[in-house]
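Sequences listed follow chains U and W, in order.
Numbering follows the UniProt record's numbering, with no gaps: position 420 of the first sequence is 420.
Numbering follows the UniProt record's numbering, with no gaps: position 104 of the second sequence is 104.
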Amino acid sequence: MINGTDRILVCCGTSCIANGALDVADAIEKELEARNLTGDVRVDVVRTGCSGECEQGPVVRFMPRDLMYYRVAARDAKAIVDSLDGAPVKKLLHRRDGQFFEHMDDNPFYALQHKVVLKDVGIIDPLSLDDYIARGGYEGLKRALAMTPDEIISEVEKSGLRGKGGAGFPTGRKWRSAAGYDEWPKYIVCNGDEGDPGAFMDGSTMEGCPHAVIEGMIIGALAIGAEEGVLYIRDEYALARDHIQHAIDDAYEAGILGDSIMGTPHKLHLSIVRGGGAFVCGESTALMASIAGKVGEPRAKYIRSVQRGLFDKPTVLNNVETLASIPTILRFGGDEYAKLGTEKSKGTKVFAMVGKVKHTGLVEVPMGTTLRTLIYDIGGGIMNDRPFKAIQTGGPSGGCIPESLLDLPVDFDTLTEYGAMMGSGGMIVMDDRSCMVEVARYYVDFLCEESCGKCTPCREGLRQMRAILTDICEGRGRAGDIELLERICHTMQDVSLCALGRTAPNPVLTTIKFFRDEYEAHIDRKECPAGVCPDLTRFTIDAEACTGCGMCSRVCPANAISGEVKAAHVIDPDKCIACGSCRDACRFDAVETMRRMPA
Amino acid sequence: MSDTLTITIDGRPCACEPGEYLYDVAERNGIHIPALCRSDAFEDHRACCRVCIVEVEERGRRKVVTSCVYPVERECTVYTNSEKIVEERAVTLALLAKRAPDSETIVSMAQEAGELDGFDRLITLDGEKCILCGLCVQACDSLGTGAISTVNRGVDKKVSTPYDKPSADCIGCLSCANVCPTGAIEYTQDATSRTIWSRTFELAFCERCGNLMGTREAVHRAAEKAGVEEPRVCDACRKKELADEMMQTYRYV
Numbered sequence: 001m002i003n004g005t006d007r008i009l010v011c012c013g014t015s016c017i018a019n020g021a022l023d024v025a026d027a028i029e030k031e032l033e034a035r036n037l038t039g040d041v042r043v044d045v046v047r048t049g050c051s052g053e054c055e056q057g058p059v060v061r062f063m064p065r066d067l068m069y070y071r072v073a074a075r076d077a078k079a080i081v082d083s084l085d086g087a088p089v090k091k092l093l094h095r096r097d098g099q100f101f102e103h104m105d106d107n108p109f110y111a112l113q114h115k116v117v118l119k120d121v122g123i124i125d126p127l128s129l130d131d132y133i134a135r136g137g138y139e140g141l142k143r144a145l146a147m148t149p150d151e152i153i154s155e156v157e158k159s160g161l162r163g164k165g166g167a168g169f170p171t172g173r174k175w176r177s178a179a180g181y182d183e184w185p186k187y188i189v190c191n192g193d194e195g196d197p198g199a200f201m202d203g204s205t206m207e208g209c210p211h212a213v214i215e216g217m218i219i220g221a222l223a224i225g226a227e228e229g230v231l232y233i234r235d236e237y238a239l240a241r242d243h244i245q246h247a248i249d250d251a252y253e254a255g256i257l258g259d260s261i262m263g264t265p266h267k268l269h270l271s272i273v274r275g276g277g278a279f280v281c282g283e284s285t286a287l288m289a290s291i292a293g294k295v296g297e298p299r300a301k302y303i304r305s306v307q308r309g310l311f312d313k314p315t316v317l318n319n320v321e322t323l324a325s326i327p328t329i330l331r332f333g334g335d336e337y338a339k340l341g342t343e344k345s346k347g348t349k350v351f352a353m354v355g356k357v358k359h360t361g362l363v364e365v366p367m368g369t370t371l372r373t374l375i376y377d378i379g380g381g382i383m384n385d386r387p388f389k390a391i392q393t394g395g396p397s398g399g400c401i402p403e404s405l406l407d408l409p410v411d412f413d414t415l416t417e418y419g420a421m422m423g424s425g426g427m428i429v430m431d432d433r434s435c436m437v438e439v440a441r442y443y444v445d446f447l448c449e450e451s452c453g454k455c456t457p458c459r460e461g462l463r464q465m466r467a468i469l470t471d472i473c474e475g476r477g478r479a480g481d482i483e484l485l486e487r488i489c490h491t492m493q494d495v496s497l498c499a500l501g502r503t504a505p506n507p508v509l510t511t512i513k514f515f516r517d518e519y520e521a522h523i524d525r526k527e528c529p530a531g532v533c534p535d536l537t538r539f540t541i542d543a544e545a546c547t548g549c550g551m552c553s554r555v556c557p558a559n560a561i562s563g564e565v566k567a568a569h570v571i572d573p574d575k576c577i578a579c580g581s582c583r584d585a586c587r588f589d590a591v592e593t594m595r596r597m598p599a
Numbered sequence: 001m002s003d004t005l006t007i008t009i010d011g012r013p014c015a016c017e018p019g020e021y022l023y024d025v026a027e028r029n030g031i032h033i034p035a036l037c038r039s040d041a042f043e044d045h046r047a048c049c050r051v052c053i054v055e056v057e058e059r060g061r062r063k064v065v066t067s068c069v070y071p072v073e074r075e076c077t078v079y080t081n082s083e084k085i086v087e088e089r090a091v092t093l094a095l096l097a098k099r100a101p102d103s104e105t106i107v108s109m110a111q112e113a114g115e116l117d118g119f120d121r122l123i124t125l126d127g128e129k130c131i132l133c134g135l136c137v138q139a140c141d142s143l144g145t146g147a148i149s150t151v152n153r154g155v156d157k158k159v160s161t162p163y164d165k166p167s168a169d170c171i172g173c174l175s176c177a178n179v180c181p182t183g184a185i186e187y188t189q190d191a192t193s194r195t196i197w198s199r200t201f202e203l204a205f206c207e208r209c210g211n212l213m214g215t216r217e218a219v220h221r222a223a224e225k226a227g228v229e230e231p232r233v234c235d236a237c238r239k240k241e242l243a244d245e246m247m248q249t250y251r252y253v
C-alpha cells in the first residue's frame with residue numbers, strides 16, 4: 001500500500017550520475033506525477049549520495065520496504081513505479097551466483113559491512129539539513145556543547161579514534177596537544193584533498209553527508225578552542241564542494257554555525273578553500289602553505305602543526321573520514337565506538353575497492369577485517385574468476401600485498417609491518433594479468449609528476465627510479481638494478497623531507513619483496529610473466545582453442561588480427577602493438593603470450 | 001633564563017641553548033657538516049638539499065634528521081658520520097651529481113662522499129649545474145624583486161622567470177648568481193651592458209671615478225627603496241665628495 005511514507009532513493013553519487021542517475025530520478029518523478037503520487041498521498045524521490053556499489057549503478061532503493069534495484073536506466077521508471085506496491089522488477093535485482101537479492105542487507109556486498117561514517121550516505125538527501133537531523137544529526141554536537149573541552153577530548157581519546165587519512169595518529173592526542181597551547185587564534189582544518197589513484201572515500205562522504213563533516217569540525221573546534229575553520233577540498237571534487245557549501249550555508253541559517261552555535265556563546269566560522277590541484281597538497285604542511293596562498297610545498301616538521309600550523313598558529317588538521325566519525329563518537333560515547341575494531345585500531349574504515357574485483361565500490365568495515373573478506377566475501381572475488389595476484393593498498397604511499405598475506409587483518413599497524421600500509425583506504429585488486437614491475441613503474445611515474453620537487457632524494461630518486469624501472473619494463477634491465485633500486489629507496493625513506501617522499505619507495509620495495517622473481521624474469525630473461533610489457537611480449541592465438549568468434553579482431557586497435565568467421569584467427573606480429581586487448585576480450589583463453597626477445 | 005643543554009656530537013660534549021639548530025651547535029664546536037642549501041641569510045628556507053643529515057639518538061631511539069632545521073630540545077647523542085649517514089649522504093650527493101654533472105663543486109663533493117662508480121647506471125642531465133636548492137629564489141624574494149621562482153613540480157621543477165620570458169621585475173642585480181652554490185646562473189657582461197635571465201641591462205658608472213655601480217635598474221631600485229635621489233657617483237666617491245666639502249667648510253677654522 002502506498003500511504004505517503006514511501007521514499008525512492010536514487011543514488012546520485014559521482015559514479016551513478018555519470019551513468020545517468022539524474023535522468024533516472026527525473027523519469028521516476030515524471031512517472032509519479034503521471035500517477036498523481038505527488039499530492040497528499042505521495043512518494044518522494046530523494047537524490048542521495050553514493051550508496052556504495054558503484055559498478056552496479058545507478059542504484060535505486062525503496063524505503064521503508066528496502067527494495068534495491070541496480071543498473072537502472074530512465075526507461076525502467078515505469079516498471080519501478082509499478083513495483084512500488086507489487087512484485088519486484090526481477091531484472092533489476094542484484095544477482096550473484098544465480099541468486100536474486102531483494103533487500104540491501106541480503107546482498108553480501110552490504111551484509112558484511114558496518115557503517116558508521118557512511119551510515120547516512122546513500123540514505124539522506126545531502127542537501128537537506130532536516131534529513132540529517134531526522135537521522136540523529138547534530139545530536140553529538142548537542143552533547144558536546146554541554147561538555148567541557150577536556151571532556152570532549154576524553155571522549156575522543158576513549159574511542160581510540162586514529163587519523164584515517166593514513167597516518168593513524170591518535171585524534172584525541174592531537175586535539176589535546178592543540179588545546180594545550182595558549183596562543184590564539186587556533187584553527188581547525190579539514191583535509192579533503194584526497195588524491196590517491198582509485199580512491200574516492202572522502203569525496204563520497206562529503207558528497208553524501210556533508211553535515212557529518214561539518215558537525216565533526218564544530219566539535220573539534222569546541223575541543224581545541226578554535227573559532228575559525230577551513231575545509232581544503234580537492235579541486236576536482238566539484239560536487240563535494242557544492243554539497244559542503246550548501247551544508248555550510250544551511251548550518252549558518254539554522255544557527256549551527258556562526259557567532260552563536262545553537263544559542264551558546266561558542267563561535268565557529270567555516271569556509272572552503274579549493275585545492276591547488278597538486279597531489280602533494282594533501283600533505284599537512286603543504287596543505288597549510290596552500291591555504292595561506294603560498295606554493296604548496298611541505299616544510300620540515302620538527303615543530304608540529306598543532307603548535308605552529310596554519311598562519312603559524314596552533315592548528316588541528318583532520319581528514320574528512322576522521323571528522324565524520326566524531327558525531328557518532330560524541331552521540332553514543334567513545335566506549336561504544338571502541339567496541340569496534342582491533343586492540344590498537346578502533347572503529348571502522350572506509351575503503352574504495354576497485355580493479356579486477358567483481359563488485360567494486362565504497363565499503364565500510366570494522367578495522368581488522370581481513371583482505372580476503374574484503375575481496376572475496378564483499379567484493380565477490382576476482383573478475384572472470386581469474387587467479388588473484390596482488391592488492392595495492394594505500395595508493396602511491398602503500399604497497400602491493402600478495403596472496404600469502406590475504407588473511408592479515410587490515411588496520412593501521414599490521415600492513416605497515418609488511419612494508420605496505422592501509423593508507424587512506426584506496427584498494428586496487430589485481431589479477432594474474434598485472435605486471436608488478438609495471439605497477440611499480442606506474443606509481444613512480446605518478447609521483448615524478450606529483451612530488452613537489454623541493455628536496456633532493458624525492459625528486460632525483462624518483463627520476464632515477466623511473467628511468468631504471470622503465471628500462472626493466474622495456475628489456476634494458478641490467479644485473480644489479482634491483483640492488484640499486486633498493487639503495488635509492490632506503491635513502492629516500494630516511495632522508496626525504498615529507499611523508500610523500502619517505503613513503504614513495506613503498507610500491508617499489510613491496511613489489512621487489514613479494515614479486516622479486518618477476519623483476520628477475522624481466523632483467524635476466526627479458527620476459528614479462530604477466531604478458532603486459534609490450535616490449536617483452538608477443539601475442540599469438542592458439543588455433544585449437546580459437547572458435548573464430550571474431551571478438552579479438554573487433555577490439556584490436558591496430559587491425560592486426562585476421563581470420564574467417566568460425567575459423568582460427570591469426571595475429572600479424574608486424575602490426576601488433578602488444579596492447580593485450582585481444583587477450584582481455586577472448587572468452588576462450590585462446591590468446592597466448594610469449595617472450596618477444598631472445599633471452 | 002633557559003637551561004643550557006649539553007649534547008654529544010661525534011663523541012664530543014657540546015653546550016647549547018634549547019631550540020638551537022643542531023647544525024649551528026656543531027659548527028660552533030668546530031664540527032663541520034656538509035650543506036648546500038643552507039644560508040644564514042634565509043632562516044625560513046632550508047632543508048631542501050638534504051645533505052646536512054645526521055643521526056640523532058634520543059631516548060634510546062635513533063633517527064635521521066636534517067641538522068639545519070632540527071631544534072635541540074633535550075639531551076641527545078649525534079652522529080654526523082655513522083655508517084647510515086655516510087651511505088645516505090653518498091646516495092644523496094650521487095643523485096645531485098647526476099642531476100648537475102657540470103657542477104664541479106657537486107661532483108667533487110659526491111666523489112668525496114663515496115665512489116660514484118656504483119652509480120654509473122643512473123641517468124645524467126647533461127649540461128646542468130643547478131641543484132634546485134632555491135637560494136636564488138629566496139635572494140630575489142628578499143630583495144622584494146620576485147623576478148624568479150621555481151616553476152613546475154616534481155622532476156620537471158626548475159628555476160625561471162615567468163613563462164621563461166624576460167622579466168620586467170628583474171633588475172639584473174646578480175644576487176641570484178652570487179648566492180648560487182654551484183655557479184649555475186649564467187650571465188654575460190661587456191663594457192656597457194649585462195645580460196641575465198634573457199634580459200639585457202644598461203650599466204651605470206660613477207661619474208667621478210668611472211667605476212661600475214650596477215645596472216641602471218638596480219641603482220634606481222636601491223635609491224627608490226632608500227627614498228633618496230638617484231646617485232650619480234659611487235659610494236666611495238660620495239664619501240670623498242663629502243670629505244672634500246667638509247675640508248672646504250672647516251679649512252679656516
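Glycine is no exception: its CB is placed at the ideal position from the N, C-alpha and C atoms.
What you are looking at is a predicted structure, and each value in this text was computed from that prediction instead of being measured.
Given that a residue counts as buried once 16 or more other Cβ atoms are within 10 Å of its Cβ, and exposed if not, what is residue i?
| i | result |
| --- | --- |
| U/M421 | buried |
| U/N36 | exposed |
| W/L22 | buried |
| W/A110 | buried |
| U/K91 | exposed |
| U/F200 | buried |
| W/K225 | exposed |
| W/L242 | exposed |
| W/R248 | It should be pointed out that residue 248 of chain W corresponds to Gln in this sequence rather than to Arg. With fewer than 16 Cβ atoms within 10 Å of its Cβ, W/Q248 is classed as exposed. |
Can you pull the chain U neighbours of residue i, defined as C-beta to C-beta under 9 Å?
| i | result |
| --- | --- |
| W/K157 | S451, C452, G453, K454, R459 |
| W/Y70 | A300, Y302 |
Going by C-alpha distance, which of the options is nearest residue i?
| i | options | result |
| --- | --- | --- |
| W/D240 | W/E230, W/A226, W/R38, W/R208 | Contrary to the premise, residue 240 of chain W reads as Lys rather than Asp in this sequence. Of the candidates W/E230, W/A226, W/R38, W/R208, the one whose C-alpha sits nearest the C-alpha of W/K240 is W/R208. |
| U/H269 | U/F279, U/M262, U/L257, U/V280 | U/L257 |
| W/S79 | W/S67, W/S108, W/G19 | The amino acid occupying residue 79 of chain W in the given sequence is Tyr; Ser does not appear at that position. Among W/S67, W/S108, W/G19, the Cα nearest to that of W/Y79 belongs to W/S67. |
| U/K30 | U/V45, U/C16, U/V439 | U/V45 |
| U/T470 | U/D494, U/T491, U/M436, U/R502 | U/M436 |
Leaving out five residues before and five after residue i in sequence, what residues of the same chain have Cβ atoms less than 6 Å from its Cβ?
| i | result |
| --- | --- |
| residue 602 of chain U | The structure shown has nothing for residue 602 of chain U, since chain U only spans 1 to 599. |
| U/Y110 | M104 |
| U/R331 | E139, G140 |
Whose C-beta lies closer than 7 Å to the C-beta of residue i among residues of the same chain, with five residues either side of it excluded?
| i | result |
| --- | --- |
| U/M217 | I188, C190, G229, L270, L323 |
| U/L239 | T14, E207 |
Skipping 5 residues on each side, what residues in its chain have a beta carbon closer than 8 Å to that of residue i?
| i | result |
| --- | --- |
| U/G550 | G563, V565, H569 |
| U/K454 | E297, P298, L497 |
| U/A18 | none |
| U/I523 | I472, G477, R478, A479, D481, I482 |
Using the beta-carbon of each residue, which ones in chain W are nearer than 8 Å to residue i?
| i | result |
| --- | --- |
| U/A278 | R153 |
| U/Q464 | L95, K98, L122, I123 |
| U/R478 | R121 |
So residue i contacts chain W; which residues on that side make the cut at Cβ distance below 9 Å?
| i | result |
| --- | --- |
| U/A545 | By Cβ distance, chain W contributes nothing, its closest Cβ being about 42 Å from U/A545, past 9 Å. |
Taking Cβ-Cβ distances shorter than 7 Å, what residues in chain W pair up with residue i?
| i | result |
| --- | --- |
| U/V495 | R50, I53, V64, E88, T92 |
| U/T491 | E88, V91, T92 |
Cβ closer than 7 Å: which chain U residues qualify as neighbours of residue i?
| i | result |
| --- | --- |
| W/L5 | Going along chain U, no residue has its Cβ under 7 Å from W/L5, so there is no contact; the nearest lies around 16 Å. |
| W/L143 | Near W/L143 there are no residues of chain U at all, since even the closest Cβ is about 18 Å away, more than 7 Å. |
Length-filtered (3 minimum) beta strand (DSSP E) runs lying within the stretch 167–244 of chain U: Counting whole runs of 3 or more residues, the stretch 167–244 of chain U contains the beta strand (DSSP E) stretches 187–192, 228–233.
My parser needs the alpha helix (DSSP H) runs of 4 or more residues fully inside the stretch 109–188 of chain W; what are they? With a minimum length of 4 residues, the continuous alpha helix (DSSP H) runs that stay inside the stretch 109–188 of chain W are 135–142, 175–179.
Whole alpha helix (DSSP H) runs in the UniProt domain "4Fe-4S ferredoxin-type" (567–596) of chain U with 4 or more residues, listed along the chain? Correct list: 581–585.
Would you mind listing the beta strand (DSSP E) stretches within the stretch 387–417 of chain U that are 3+ residues and don't spill past its ends, in chain order? The qualifying runs are 388–393, 399–402.
Quick one: complete beta strand (DSSP E) runs, 3+ long, within the stretch 258–332 of chain U? Within the stretch 258–332 of chain U, the complete beta strand (DSSP E) runs of at least 3 residues are 269–274, 315–319.
Inside the stretch 85–110 of chain U only - beta strand (DSSP E) runs reaching at least 3 residues: 94–96, 99–101, all fully within the stretch 85–110 of chain U.
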